[in-house]
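Reading through the structure tokens given below for one structure.
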Amino acid sequence: MRKKGAETYRINLTVNGQVHELEVGSEPDQVKPYHMLAHTLRETLGLIGTKVSCDSGACGSCTVLMDGKAVLSCMTLTVECGGKQITTIEGLSNPRTGKIDPLQQAFIDYTAFQCGFCTPGMIMSAKALLHENPSPTEEEVKEGLSGNFCRCISHYQVVKAVLATSVKGK
Amino acid sequence: MTAMANAYRFIGNATPRKDAADIVTGGTRYLNDIKFPNLLYGKVLRSPHPHALIKRIDKSRAERLPGVKAVLTWEDVPNWKWGTPRLTRILDRKVRYVGDAVALVAATSEEMAQEALRLINVDYEILPAVFDMEEALKSGAPQLYDEFPGNVIPPGAPVLGPNGLTKICMGDLDKGFQEADVITDGTIGYENIPNPIPPEPPGVVALWEEPDKVTVWVASQFPYLAKIALSQILGGKVEVRVHGGPCGGSYGSRGMSWHVHTYAMLLSRATGRPVKLIFTREEHLAAFTLRLGSRVRAKVGMKRDGTITAVSGQWFVDSGYYSYSTQFQVGVGCGEAQIMVRCRNWDLKPIIVCTNRNASGAVRGFGGQELKCALIPLLCLAMEKVGLDPLEFFKKNYVKPGDGYFWREGTWYIYRGINYSKAMDKGAERFGWKEKWKGWLRPTAIEGTKRRGVGVGIHGNADIGEDSSEVSVHLYPDATALINSSVTEHGTGQRSNYVKMVCEVLQLPLERVSITPSDSLFNPYEFGPVGSRGTYAIGSAMIAAAEDARKKLFEIVAPMLRAEPKDLETVDGMIFARDNPTAKIPWKAMGVDRTCTGLGRFEPDYTMANCMITFVEVEVDTETGKVTLLRVVNATDVGQIIDPQGLEGQLNGCLGSGGIDSALFEETVLDHSTGHILNANMIDYKWRTYSELPAMDNVILETPFPSHRFHAVGTGEVTTAPGPAAVLMAVSNAVGAWLHEYPITPEKVLKALGKITQKDRKRGIE
């Protein structure tokens, strides 16, 4: 992909099914080699649903899916995401109908949030878990979300919401 | 939860939060999600020394860096001050803690601003520093301020008036101790200064417009108070407009944001452009609000039946390098102690001390939790001597109708709330307290190397009716309504609950009522949903405004229905006389060229208090010293549940943000030799993960309160407060020896078990 002899090159970043061709370089409007995915999502693509909290990979708030697996977007270099399928919280709704994902609906039904700042990250972690294990036990849900920090203690209601969305819960 | 017949259409029913769809789709716009044109980014250069004088600052290299638009030091900024008393400068020639602001930078990108910090050269004259309260009080100790000789911050807060509570002094102490069957004394501290760490970092965007206007976008639990504080800092000469928005957690801590706000205001003033300044997580942990340090040295007299005959002693309060709300918190804390301890003879004297560490302020509580986490274990020593079950002690001593207490302004109030004994009994029953309580320092069960123990704690606050609120409610001809209030959503769901309250009064579907954004330009006064005042204090203003608007609507349409306004009802936007419900007219009858506006105001009322009792069971591993929290049962009475799921969330909140876990592992570790915080990151600062959740059970009673139309009271703030002392009690019982130091790390458990000695520690075996 790298242009010969040029300082800039392009990467293809697929976010929520949409391909973005991004220039990498040192100009103000280019993706810098040191930019993290969270930064690119929020600042370059305007996808502000991904929330950055600790900005050092310790709290799970910025979790997005990369090829279906949960990754911390504040610790993932954008330049390493070329050719990957990224899904953010904005990508969970049905693109045609706009209908939200059943997991999101369960979060509403159980009021599985308080201040809501950590919620998009929680939902993405839970999504990755359910993708891997459609009928987790309560312990497995807790293990799957153990990297997500919540200070209001929404945990108990989140566990209920995730279990309700699992194959067993339906 | 206790199911009760519910006569309401919305109140008490589980309804989706109004902001739920935005939250779960990532659509909620927190401060850092708002776009601003022409934005600059602010950064703060911070002191590496706990106490030093700035001899010289060379900022020339930083200023030359491309993209840097302003570099400000103490020499460049006006003499704006804040604090209680108001003498802490925004940038000063003296730095007083590791992390104190030395210079401010605004640049076109965060990276440039960060790079500029590196290019500022500062020469410091390093001064000796002091980190312990009692050390700071000794003669010859380093002095933080010329104005605070002996490092004592003067008591009393202007906001509490001339008689504001600065101590608990009443009765006849000698007589009280003579009447006691046992007298115990001791010193216990609650000094692990936890940081509540709301997930959204502290931050602000400010736009200064010459000559005298500034607009500030804040992430705050009390945006209106930010306007008042900033107006005062600016001497009333500048028009301050504050925009509030959804706030990613606060837990009280965002009350002390004046410095964050003024940094950005100064940078915007210097550049003429909007400036965004967001703290890094390290700054959040090392330079934003910590809990007060609290140490109580007291003597307690008690009768065999649990009557407290006298309490005397000193309450040391560590405010860090300055005070904003500490005196206020001491006043409220002194009141809260009396809510829990019914005693005629008191002499408890607080002393507020400044030390060379980051400042303390409101953190999940406002003085009472800090005082009682130290005071309750001291009372336990007396309970142990007389062999009294702590549950019986709490039931006997917790405030009851007819009892009185001095509250924050120094006024004596007679309690007119409910008796909480029933809630305490129901909680005990759910927990199985009778079966599990084996007596003081006795484990509930021993199984091999594991020992179980139980504990109980209690807390309550008359803040449910504190301070004032103002609301206007506007009714429109299309049968919609708008609530005008500056309340922001910080996690409790109260913005949604206010819509429920107003809908209940107006009998409109939830989707027909909305609430304004928080904007001080048009919102009326609002103290904010702090403490537990949201439901009763703010709720009363909401209800009053809705009722007033409805009354005005009825006055206009009554002649059309040939009825008296008092005989009218409205449901779903139709108005009719109670005795003739078929003859209906729509709200539109008010006239399409009209808005019916109702006003509501709440006046402070300190005659009622909430109550939370928390039972905990722990398991102690006697080989490793690890304490596992197995089970928590919270019990309370809220009068009337407004939103069952929201309330459950509030009660589950007892663990985090400096709650129960501040007894187990949560602490800000301050190195007393360097003044550096050693765990200013989210790996080393311990927080509870999903896989370590204890079983949680909440018992919620609904005994109607003489509060407002819905007979409810708030209970949010107090949920974290009873737990820490309960954990201390539970671990002590499991181990069979008193543990009196928070947090109870494995090392402290092994020490209490006699498994490690001072000698081992010196050899490095721990």
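In order, the protein sequence lines correspond to chains L and D.
Position in the first sequence (from 1) plus 427 gives the number in this note's numbering.
Quick note: the second sequence, position 244, residue 239 per this note's numbering, numbers continuous.
Note that beta-carbon positions come from the ideal geometry of N, C-alpha and C, so glycine has one too.
As computed with DSSP, W203/D is found in a beta bridge with V209/D. Close to chain L, meaning a Cβ-Cβ distance shorter than 7 Å, are the following residues of the segment 678 to 702 of chain D: I678, W682, T684, Y685, S686, L688, M691. Going by DSSP, P345/D is part of the beta strand (DSSP E) stretching over 341 to 348. Among the bridge pairs identified by DSSP, W310/D is matched with V291/D, P345/D. Nearest neighbour of P32/D by Cα position, chosen from T103/D, V451/D, A9/D, G62/D, turns out to be T103/D. For the pair K621/D and V451/D, the Cα-to-Cα distance works out to about 20 Å. Excluding five sequence positions before and after V381/D, the CB atoms of its chain that fall closer than 7 Å to its own CB belong to D176, V177, M297, R299, given in chain order. Of all residues in the segment 557 to 580 of chain L, the ones placed with a Cβ closer than 9 Å to any Cβ belonging to chain D are E566, V568, K569, E570, G571, L572, S573, G574, N575, F576, C577, R578, C579, I580, in chain order.
Under the DSSP assignment, Q445/L falls in the beta strand (DSSP E) whose first and last residues are 445 to 451. Under a 10 Å Cβ-count criterion, L516/D is classified as exposed, with fewer than 16 other Cβ atoms of the shown protein chains found around its own Cβ.
Taking the beta carbon of Q640/D as reference, the chain L residues within 8 Å of it are Y537, T538, Q584, listed in sequence order.
Between the alpha carbons of D28/D and E195/D lies a gap of roughly 11 Å. Between the alpha carbons of V72/D and L86/D lies a distance of about 7 Å.
Beta-bridge partners of I52/D (DSSP): V117/D. Distance from the CA of G487/L to the CA of Q216/D, rounded to the nearest whole angstrom, comes to 24 Å.
G22/D sits in coil when the DSSP states are folded into three classes, being neither helix nor strand. Here N340/D really is in contact with T304/D; their C-beta atoms are around 6 Å apart, less than 8 Å. Excluding sequence positions up to five before and after P396/D, its CB lies within less than 8 Å of the CB of Y410, R411, G412, I413, N414, all in the same chain and listed in chain order. When secondary structure is reduced to three states using DSSP, K445/D falls in the strand class. Spanning the alpha carbons of A214/D and G159/D requires a straight line of approximately 30 Å. The shortest CA-to-CA distance from E174/D to any of V306/D, H44/D, D141/D, K76/D is the one to V306/D.
DSSP places Q512/L in the strand class (E or B) of the three-state scheme. Using a Cβ distance threshold of 8 Å, D638/D and T23/D do not count as a contacting pair. Straight-line measurement puts the Cα of N629/D at about 29 Å from the Cα of Q531/L.
Residue state for T441/L is assigned as strand, using DSSP reduced to three classes. Between P699/D and A658/D a beta carbon distance of about 34 Å is seen, past the 8 Å cut, so the two are scored as non-contacting. Taking L225/D as reference, the option from Y25/D, A259/D, C164/D with the minimal CA-CA separation is A259/D.
Contacts with chain D at 8 Å (Cβ-Cβ) include C486/L.
Short of 6 Å from the beta carbon of A588/L, and not among the five residues preceding or following it, lie these beta carbons of its own chain, in chain order: A533, F534, Y537, A539. In the structure shown, the three-state DSSP call for H238/D is strand. In the DSSP assignment, I453/D forms a beta bridge with I608/D. The residues G301, in chain order, have a CB closer than 6 Å to that of L383/D in the same chain once the five nearest residues on each side in sequence are set aside.
Within the same chain, Cβ atoms closer than 6 Å to the Cβ of T161/D are found at P150, G151, the five residues on either side in sequence being excluded. In the three-state DSSP reduction, Y393/D falls in the coil class, being neither helix nor strand. Among the bridge pairs identified by DSSP, K76/D is matched with R84/D.
Along the length of the segment 126 to 206 of chain D, whole alpha helix (DSSP H) runs at least 4 residues long occupy 128 to 132, 168 to 174, reported in chain order.
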